[in-house]
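A.B. asks: Please find one structure pasted underneath; my questions will follow.
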Amino acid sequence: MDNLALKELLYKMADDQLILGHRNSEWTGMGPILEEDIAFSSMAQDKVGQSQQLYILLNQLGEAEPDTVAFMRNAEQFHNCQLVELPNGEYDFSLIRHFLFDHAEWLRFEALSNSSYEPLAQLARKYKGEIKYHLIHANTWIKQLGNANEETLARLKQSLHELAPYALGIFEPSPYETQLISEGIFIGEEALKARWIESVNAILAQTALGAFNWSASNAILGGRQGKHSKHLQPLLDEMSEVFKMDPTADW
Amino acid sequence: MYGGGNTFEAQQMGGVENEDPIKLAEFEARIARGEKIEPNDWMPALYRKQLIRMIEQHAHSEIIGALPEGTWITRAPGFKRKLALMAKVQDEVGHAQLLYSAAETLGKPREKMIDDLLSGKSKYSNIFNYPTFTWADSCFISWLVDAGAIVNQLANSKGSYGPYCRALERICAEESFHLKYGHHCVIHMATGTPRQRKMMQEALNRWWGPMMHFFGPPDKASVHTEILVKWKVKMATNDECRQQFLDMYVPKIWELGLNIPDPNLKKNPETGEWEYTEPDWEEFKRVINGDGPCNAERLAVRRVAEERGAWVRKALLKPEAAYTTPLA
Ligand SMILES: [Fe+2]
Ligand SMILES: [Fe+2]
Numbered sequence: 019m020d021n022l023a024l025k026e027l028l029y030k031m032a033d034d035q036l037i038l039g040h041r042n043s044e045w046t047g048m049g050p051i052l053e054e055d056i057a058f059s060s061m062a063q064d065k066v067g068q069s070q071q072l073y074i075l076l077n078q079l080g081e082a083e084p085d086t087v088a089f090m091r092n093a094e095q096f097h098n099c100q101l102v103e104l105p106n107g108e109y110d111f112s113l114i115r116h117f118l119f120d121h122a123e124w125l126r127f128e129a130l131s132n133s134s135y136e137p138l139a140q141l142a143r144k145y146k147g148e149i150k151y152h153l154i155h156a157n158t159w160i161k162q163l164g165n166a167n168e169e170t171l172a173r174l175k176q177s178l179h180e181l182a183p184y185a186l187g188i189f190e191p192s193p194y195e196t197q198l199i200s201e202g203i204f205i206g207e208e209a210l211k212a213r214w215i216e217s218v219n220a221i222l223a224q225t226a227l228g229a230f231n232w233s234a235s236n237a238i239l240g241g242r243q244g245k246h247s248k249h250l251q252p253l254l255d256e257m258s259e260v261f262k263m264d265p266t267a268d269w
Numbered sequence: 200m201y202g203g204g205n206t207f208e209a210q211q212m213g214g215v216e217n218e219d220p221i222k223l224a225e226f227e228a229r230i231a232r233g234e235k236i237e238p239n240d241w242m243p244a245l246y247r248k249q250l251i252r253m254i255e256q257h258a259h260s261e262i263i264g265a266l267p268e269g270t271w272i273t274r275a276p277g278f279k280r281k282l283a284l285m286a287k288v289q290d291e292v293g294h295a296q297l298l299y300s301a302a303e304t305l306g307k308p309r310e311k312m313i314d315d316l317l318s319g320k321s322k323y324s325n326i327f328n329y330p331t332f333t334w335a336d337s338c339f340i341s342w343l344v345d346a347g348a349i350v351n352q353l354a355n356s357k358g359s360y361g362p363y364c365r366a367l368e369r370i371c372a373e374e375s376f377h378l379k380y381g382h383h384c385v386i387h388m389a390t391g392t393p394r395q396r397k398m399m400q401e402a403l404n405r406w407w408g409p410m411m412h413f414f415g416p417p418d419k420a421s422v423h424t425e426i427l428v429k430w431k432v433k434m435a436t437n438d439e440c441r442q443q444f445l446d447m448y449v450p451k452i453w454e455l456g457l458n459i460p461d462p463n464l465k466k467n468p469e470t471g472e473w474e475y476t477e478p479d480w481e482e483f484k485r486v487i488n489g490d491g492p493c494n495a496e497r498l499a500v501r502r503v504a505e506e507r508g509a510w511v512r513k514a515l516l517k518p519e520a521a522y523t524t525p526l527a
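Which chain is which? The protein sequence lines are A and B, in order. Each residue of the first sequence is one higher than the last, beginning at 19 in my numbering. Each residue of the second sequence is one higher than the last, beginning at 200 in my numbering.
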């Protein structure tokens with residue numbers, strides 16, 4: 019097994035989880051109702067905790083300590099898709115992102131539950147159970163607001179259109195796709211995307227938004243290779259502000 | 200989080216003379232026997248009013264208290280702290296949720312309480328009107344402000360109103376984790392690098408005054424609250440809470456080699472009471488009346504959150520406005 023392919027896969031998943039977890043945590047104290055502050059914080063804790071476990075796997079494969087990896091890299095060294103780094107915006111924006119991302123995440127972990135790389139398969143089975151609740155949360159709200167009134171519908175529609183190209187960027191192919199697939203580590207991004215379209219559209223079809231025409235959107239790529247929007251570096255600067263004061267200190 | 204500062208405003212006394220004397224006597228006898236009062240039980244209007252005010256202010260303190268610490272979630276150094284602080288602040292929001300629903304059992308809707316918070320009609324714990332400049336400030340809050348809150352909340356959990364007591368019991372169980380987390384953070388700062396120690400000492404210097412204010416003005420200067428004591432609404436005096444806090448935490452602070460910025464602070468071996476320099480009570484009054492370093496900012500943040508979320512709440516409240524697909 020070639021570690022490069024595996025590491026690339028682990029890095030992009032861990033970075034996605036860390037950055038979206040960080041964004042979710044920004045809702046604490048700012049949610050439209052208290053229950054949503056609490057829900058977004060729960061999801062943030064799950065995601066950041068999951069990213070830490072994935073960085074531990076990477077550490078076991080010879081990469082640096084999780085704290086160093088998470089708090090000391092620059093934006094160009096991050097492999098997250100651009101979807102997760104965008105600022106939270108209004109609640110509809112965060113909700114649509116959460117909906118689109120968590121469907122992909124759940125399906126990714128479901129596929130990875132059968133990975134030939136057993137340490138990852140084990141984590142994936144565990145995370146699937148956690149992300150299931152993120153999915154229920156997203157679906158409930160999408161169905162509720164997607165059938166509520168003119169304003170909620172207009173907002174969701176607008177955010178969906180804005181985020182669709184970024185969401186397709188989740189599935190930016192890795193340079194190691196064929197290797198990952200042939201070694202049975204992962205089903206590959208293309209296969210994942212097909213399952214995802216089916217999954218999100220099944221929910222959207224139950225709302226006044228209707229199923230989305232994904233083939234009409236062009237994916238925004240680059241995140242997986244370290245190409246990011248202007249929003250990631252400031253996020254990382256903020257995240258590491260205290261840590262970098264003295265990376266050797268015990269906080 | 201919560202402090203005695205809320206009891207500063209003059210109590211609106213009177214009103215008991217209009218109550219049915221037989222029912223009132225029965226009510227007071229129940230409380231004297233240690234029974235809990237439940238939402239549908241008879242209660243004097245004054246009891247209801249004071250409890251709403253108190254629980255509501257406690258709830259506001261929890262959500263406003265989430266702000267000064269919340270700004271450090273995105274900057275917490277390392278996974279361990281980041282995860283713990285997220286969970287801690289989430290708990291505080293959860294406390295607000297529990298408390299608003301306890302207050303709602305007395306007849307005031309959450310929306311109305313939040314309106315009163317935003318209009319300044321209803322107060323919250325004064326200490327959250329001070330800024331958190333550094334990570335060390337957030338460590339101070341997690342350890343010592345939560346410690347103060349526990350002193351207060353434990354006392355109140357022995358009160359007479361069932362839903363409030365039960366909420367407080369759950370809250371106190373979570374607060375004890377906050378205390379452990381905060382203490383752990385402060386230990387690492389106070390025994391860390393010279394820079395960390397300096398940060399921690401500076402935070403202590405900034406927060407000691409507000410911490411002494413936290414329990415409210417001295418008993419001798421407080422408005423009389425006999426009836427609230429008798430009804431087990433107010434369970435401990437401001438000075439009792441402050442003394443208990445000093446007794447439990449001053450030795451722990453000194454143990455870490457930190458200096459408390461009050462040269463007169465010492466325990467009188469004869470009385471067993473702590474002696475200290477009175478904090479600036481004029482400043483306390485100014486801040487509680489709106490003129491503190493962060494009052495405007497805290498309320499502005501809360502207001503923005505409320506305004507930005509209005510469309511979501513509206514959609515939840517009005518199922519009859521369900522969207523129907525236009526025919527054309
Ligand atoms: Fe609390
Ligand atoms: Fe707390």
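Backbone N, C-alpha and C fix where the C-beta goes; we use that ideal spot for every residue, glycine too.
#1: Going by Cα to Cα distance, which pick from A/Lys65, A/Leu75, A/His179 is closest to glutamate 148 of chain A?
#2: Which residues have a Cβ closer than 5 Å to any heavy atom of ligand 2, listed in chain order?
#3: Specify the secondary structure class of glutamate 44 of chain A as computed by DSSP and reduced to three states.
#4: How long is the line joining the alpha carbons of tyrosine 145 of chain A and phenylalanine 127 of chain A, rounded to whole angstroms?
#5: Classify tryptophan 241 of chain B: buried if its beta carbon has 16 or more other beta carbons within 10 angstroms, exposed otherwise.
#6: Looking at the C-beta of isoleucine 272 of chain B, does it have a partner C-beta in chain A at a distance below 9 Å?
#7: Would alanine 156 of chain A and histidine 116 of chain A qualify as a contact pair, given that the criterion is a beta-carbon distance under 9 Å?
#8: Just to confirm my understanding: we take tyrosine 109 of chain A, look at its own chain, exclude 5 residues before and 5 after, and list those with CB closer than 7 Å. What are they?
#9: Under 9 Å between C-beta atoms, does aspartate 34 of chain A make it to chain B?
#10: Report yes if the C-beta of alanine 348 of chain B is less than 8 Å from at least one heavy atom of ligand 1; otherwise report no.
#11: Beta-carbon within less than 6 Å of phenylalanine 261 of chain A's beta-carbon, same chain only, minus the 5 sequence neighbours each way: which residues are those?
#12: Using 9 Å as the threshold, is the C-beta distance between leucine 498 of chain B and leucine 317 of chain B below it?
#13: By the criterion of Cβ-Cβ separation under 8 Å, what are the contact partners of tyrosine 184 of chain A in chain B?
#14: Quick one: measure Cβ to Cβ for threonine 46 of chain A and glutamine 289 of chain B, integer angstroms, because I've assumed they're closer than 8 Å.
#15: Pull up the distance between the alpha-carbon of alanine 23 of chain A and that of alanine 335 of chain B, whole angstroms please.
#16: Within 10 angstroms of its Cβ, does leucine 343 of chain B collect 16 or more other Cβ (buried), or is it exposed?
#17: What residue range does the alpha helix (DSSP H) around asparagine 494 of chain B cover?
#18: For the segment 448-468 of chain B, which residues have a beta carbon sitting closer than 8 Å to at least one beta carbon of chain A?
#19: Using 9 Å as the limit for Cβ to Cβ distance, is phenylalanine 261 of chain A near chain B?
#20: Is the closest heavy atom of ligand 1 to the C-beta of histidine 259 of chain B under 8 Å?
#21: Compute the Euclidean distance between the alpha carbons of threonine 206 of chain B and cysteine 493 of chain B, then round it to the nearest angstrom.
#22: Which residues, in chain order, does the segment 106-124 of chain A contribute to contact with chain E at a C-beta distance below 7 Å?
#23: To the nearest angstrom, report how far apart alanine 514 of chain B and asparagine 167 of chain A are at their CA atoms.
#24: Distance cutoff 9 Å, beta carbons only. Does valine 66 of chain A sit that close to anything in chain B?
#25: By the DSSP assignment, the alpha helix (DSSP H) with histidine 249 of chain A in it spans what residues?
#26: Assuming glutamate 103 of chain A and serine 247 of chain A form a contact by the criterion Cβ under 8 Å, report the distance between their Cβ atoms to the nearest whole angstrom.
#27: Considering only DSSP beta bridges, list what tyrosine 360 of chain B is partnered with.
#28: What are the start and end residues of the alpha helix (DSSP H) that includes glycine 147 of chain A?
#29: For chain A, check one thing: does any of its Cβ atoms lie closer than 9 Å to the Cβ of phenylalanine 278 of chain B?
#30: Does any residue of chain A bring its CB to less than 9 Å from the CB of glycine 508 of chain B?
#31: If I follow the unbroken alpha helix (DSSP H) through tyrosine 299 of chain B, where does it start and stop?
#32: Pull out every residue of the segment 385-407 of chain B whose Cβ sits closer than 7 Å to any Cβ of chain A, in chain order.
#33: Just the Cα atoms here: how many angstroms apart are glutamate 234 of chain B and leucine 76 of chain A?
#34: Hey, quick one: how far does the alpha helix (DSSP H) through proline 330 of chain B stretch, first residue to last?
#35: Quick check on this structure: which residue in B/Gln256, B/Asn239, B/Cys338, B/Lys222 has the alpha carbon closest to the alpha carbon of isoleucine 487 of chain B?
#36: So proline 84 of chain A contacts chain B; which residues on that side make the cut at Cβ distance below 9 Å?
C.D. replies: So, from the data block:
#1: Counted from its first residue, the first sequence places residue 148 of chain A at position 130. Measuring from the Cα of glutamate 148 of chain A, the nearest candidate turns out to be A/Lys65.
#2: Listed by position in the chain, the residues whose beta carbon lies within less than 5 Å of some heavy atom of ligand 2 are B/Asp345, B/Glu374, B/His377.
#3: Counting from one through the first sequence, the residue named residue 44 of chain A turns up at place 26. The answer is coil: DSSP assigns glutamate 44 of chain A none of H, G, I, E or B.
#4: Counting from one through the first sequence, the residue named residue 145 of chain A turns up at place 127. Counting from one through the first sequence, the residue named residue 127 of chain A turns up at place 109. Annotation: tyrosine 145 of chain A to phenylalanine 127 of chain A spans about 7 Å, alpha carbon to alpha carbon.
#5: Taking the second sequence and counting its residues from 1, the one referred to as residue 241 of chain B is at position 42. Under this definition tryptophan 241 of chain B is an exposed residue.
#6: Stepping through the second sequence from its first residue, residue 272 of chain B is reached at position 73. Chain A contact via Cβ: present.
#7: Working through the first sequence from its first residue, we reach residue 156 of chain A at position 138. Working through the first sequence from its first residue, we reach residue 116 of chain A at position 98. Cβ distance < 9 Å, so alanine 156 of chain A and histidine 116 of chain A count as in contact.
#8: Counted from its first residue, the first sequence places residue 109 of chain A at position 91. Closer than 7 Å at the Cβ level, and outside the excluded window around tyrosine 109 of chain A, lie Pro50.
#9: Indexing the first sequence from 1 puts residue 34 of chain A at position 16. Residue-level contact by beta carbon fails for aspartate 34 of chain A and chain B, as no gap is shorter than 9 Å.
#10: In the second sequence, counting from the first residue as 1, residue 348 of chain B sits at position 149. Alanine 348 of chain B: yes, Cβ under 8 Å from ligand 1.
#11: Here residue 261 of chain A corresponds to residue number 243 of the first sequence, with the count starting at 1. Scanning its chain for C-beta atoms nearer than 6 Å, with the 5 sequence neighbours on each side dropped, one finds around phenylalanine 261 of chain A the residues Phe89, in chain order.
#12: The residue you call residue 498 of chain B lines up with position 299 of the second sequence. The residue you call residue 317 of chain B lines up with position 118 of the second sequence. Yes, Cβ-Cβ distance for leucine 498 of chain B and leucine 317 of chain B is below 9 Å.
#13: Counted from its first residue, the first sequence places residue 184 of chain A at position 166. Ordered by position in chain B, no residue passes the 8 Å Cβ test against tyrosine 184 of chain A, which lies about 21 Å from the chain.
#14: The count along the first sequence starts at 1 and reaches residue 46 of chain A at position 28. The count along the second sequence starts at 1 and reaches residue 289 of chain B at position 90. In this structure threonine 46 of chain A is in contact with glutamine 289 of chain B, their Cβ atoms being roughly 7 Å apart against a cut-off of 8 Å.
#15: Residue 23 of chain A sits at position 5 when you count from the first residue of the first sequence. Residue 335 of chain B sits at position 136 when you count from the first residue of the second sequence. Computed Cα separation, rounded: 41 Å.
#16: Counting from one through the second sequence, the residue named residue 343 of chain B turns up at place 144. Leucine 343 of chain B is buried by the Cβ-count criterion.
#17: In the second sequence, residue 494 of chain B corresponds to position 295, counting from 1. Residue range 494-516 is occupied by the alpha helix (DSSP H) that includes asparagine 494 of chain B.
#18: For the segment 448-468 of chain B, which is checked against every Cβ of chain A, not one residue is closer than 8 Å.
#19: Here the question's residue 261 of chain A lines up with position 243 in the first sequence. Interface residue, yes.
#20: In the second sequence, residue 259 of chain B corresponds to position 60, counting from 1. No.
#21: Looking up residue 206 of chain B in the second sequence gives position 7. Looking up residue 493 of chain B in the second sequence gives position 294. The predicted model places threonine 206 of chain B with a pLDDT of 47, which falls under 50 and marks its position as unreliable; any figure quoted below should be read in that light. The alpha-carbon atoms of threonine 206 of chain B and cysteine 493 of chain B are separated by roughly 21 Å.
#22: Included in the structure are the protein chains A and B, with no chain E among them.
#23: The residue you call residue 514 of chain B lines up with position 315 of the second sequence. The residue you call residue 167 of chain A lines up with position 149 of the first sequence. Going by the C-alpha atoms only, they are around 7 Å apart.
#24: Translated into positions along the first sequence, residue 66 of chain A becomes position 48. Valine 66 of chain A counts as touching chain B.
#25: In the first sequence, counting from the first residue as 1, residue 249 of chain A sits at position 231. Annotation for histidine 249 of chain A: no alpha helix (DSSP H) segment contains it, and DSSP assigns it neither H nor E.
#26: By one-based count along the first sequence, residue 103 of chain A stands at place 85. By one-based count along the first sequence, residue 247 of chain A stands at place 229. Correct: roughly 6 Å between the Cβ atoms.
#27: Position 161 of the second sequence, counted from the first residue, corresponds to residue 360 of chain B. In DSSP, tyrosine 360 of chain B forms a bridge with B/Ile236.
#28: Working through the first sequence from its first residue, we reach residue 147 of chain A at position 129. 136-163 is the span of the alpha helix (DSSP H), which, as asked, contains glycine 147 of chain A.
#29: Indexing the second sequence from 1 puts residue 278 of chain B at position 79. Yes - at least one Cβ of chain A is within 9 Å of the one on phenylalanine 278 of chain B.
#30: As a first step, residue 508 of chain B is located in the second sequence; it is residue number 309 there, counting from the start. Interface residue, yes.
#31: Taking the first residue of the second sequence as 1, we reach residue 299 of chain B at position 100. Annotation for tyrosine 299 of chain B: the continuous alpha helix (DSSP H) segment containing it runs 278-303.
#32: Result list: His387, Gly391, Thr392, Arg394, Gln395.
#33: Sequence index remark: in the second sequence, residue 234 of chain B carries index 35 (1-based). Sequence index remark: in the first sequence, residue 76 of chain A carries index 58 (1-based). Distance between glutamate 234 of chain B and leucine 76 of chain A, taken at the CA atoms: about 58 Å.
#34: Numbered from 1 along the second sequence, position 131 holds the residue referred to as residue 330 of chain B. If you look at proline 330 of chain B, you'll find it isn't in any alpha helix (DSSP H); DSSP assigns it neither H nor E.
#35: As a position in the second sequence, residue 487 of chain B is number 288, starting the count at 1. Of the candidates B/Gln256, B/Asn239, B/Cys338, B/Lys222, B/Gln256 places its Cα closest to the Cα of isoleucine 487 of chain B.
#36: Reading the first sequence from its first residue, position 66 is the one you call residue 84 of chain A. By Cβ distance, chain B contributes Gly277, Phe278.
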